[in-house]
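For the sequence shown, our numbering begins at 17 and goes up steadily by one.
For every residue, glycine included, the Cβ atom is placed at its ideal position computed from N, Cα and C.
Report on the following structure.
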Amino acid sequence: MKTKIVLAVCVAVLFFSSSFLAVKYFSAKKEIANLQQKTVKINNGGNGKVLAFGQLFIEKVLEAQGEVEFETRLELENAVRDLNDEELLNQWKLFVASGDETSAQKEVRNLLKMLMNKIDQGN
Numbered sequence: 017m018k019t020k021i022v023l024a025v026c027v028a029v030l031f032f033s034s035s036f037l038a039v040k041y042f043s044a045k046k047e048i049a050n051l052q053q054k055t056v057k058i059n060n061g062g063n064g065k066v067l068a069f070g071q072l073f074i075e076k077v078l079e080a081q082g083e084v085e086f087e088t089r090l091e092l093e094n095a096v097r098d099l100n101d102e103e104l105l106n107q108w109k110l111f112v113a114s115g116d117e118t119s120a121q122k123e124v125r126n127l128l129k130m131l132m133n134k135i136d137q138g139n
């Protein structure tokens, strides 16, 4: 009689632990699939282009020693147009058209904020 009870308890414990592990396995598998999908989206454009433009902007404008050269401005202009994002392009134009240092700093902050929001949203 005692062996039947012990055996039943062991079977019940094994059943519930297997069920628990199966649920964890499938939820982890679903999360991995979601992360892989996001990675593909980033690598195939979307955030990848926005990230590349942001890095280029930081490297060529924010880290520049002195005035930014014409070729660099043209490269940045082409990169922002390549994003096919009207909102970012308009913000870029506001930055380029800023007349003094104060307005340029304001527009840089707005541009960087917009880039971060685009990256966060997944484009």
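Residue 84, buried or exposed, once every other Cβ within 10 Å from all chains shown has been counted against 16: Position 68 of the sequence shown, counted from the first residue, corresponds to residue 84. Exposed, since its Cβ has fewer than 16 Cβ neighbours within 10 Å.
Continuous alpha helix (DSSP H) assignments of at least 4 residues falling wholly in the stretch 49 to 85: Runs of the alpha helix (DSSP H) inside the stretch 49 to 85: 63 to 73.
C-alpha distance - residue 122 paired with residue 72, whole-angstrom precision: On the sequence shown, residue 122 is found 106 positions in, with the first residue counted as 1. On the sequence shown, residue 72 is found 56 positions in, with the first residue counted as 1. About 19 Å.
Residue 130 and residue 104 closer than 8 Å at C-beta: Translated into positions along the sequence shown, residue 130 becomes position 114. Translated into positions along the sequence shown, residue 104 becomes position 88. A contact, by the Cβ cut-off of 8 Å.
Spatial distance of residue 18 from residue 52 (CA atoms): What you label residue 18 is simply residue 2 of the sequence shown in a count that begins at 1. What you label residue 52 is simply residue 36 of the sequence shown in a count that begins at 1. The straight-line gap from Cα to Cα measures roughly 51 Å.
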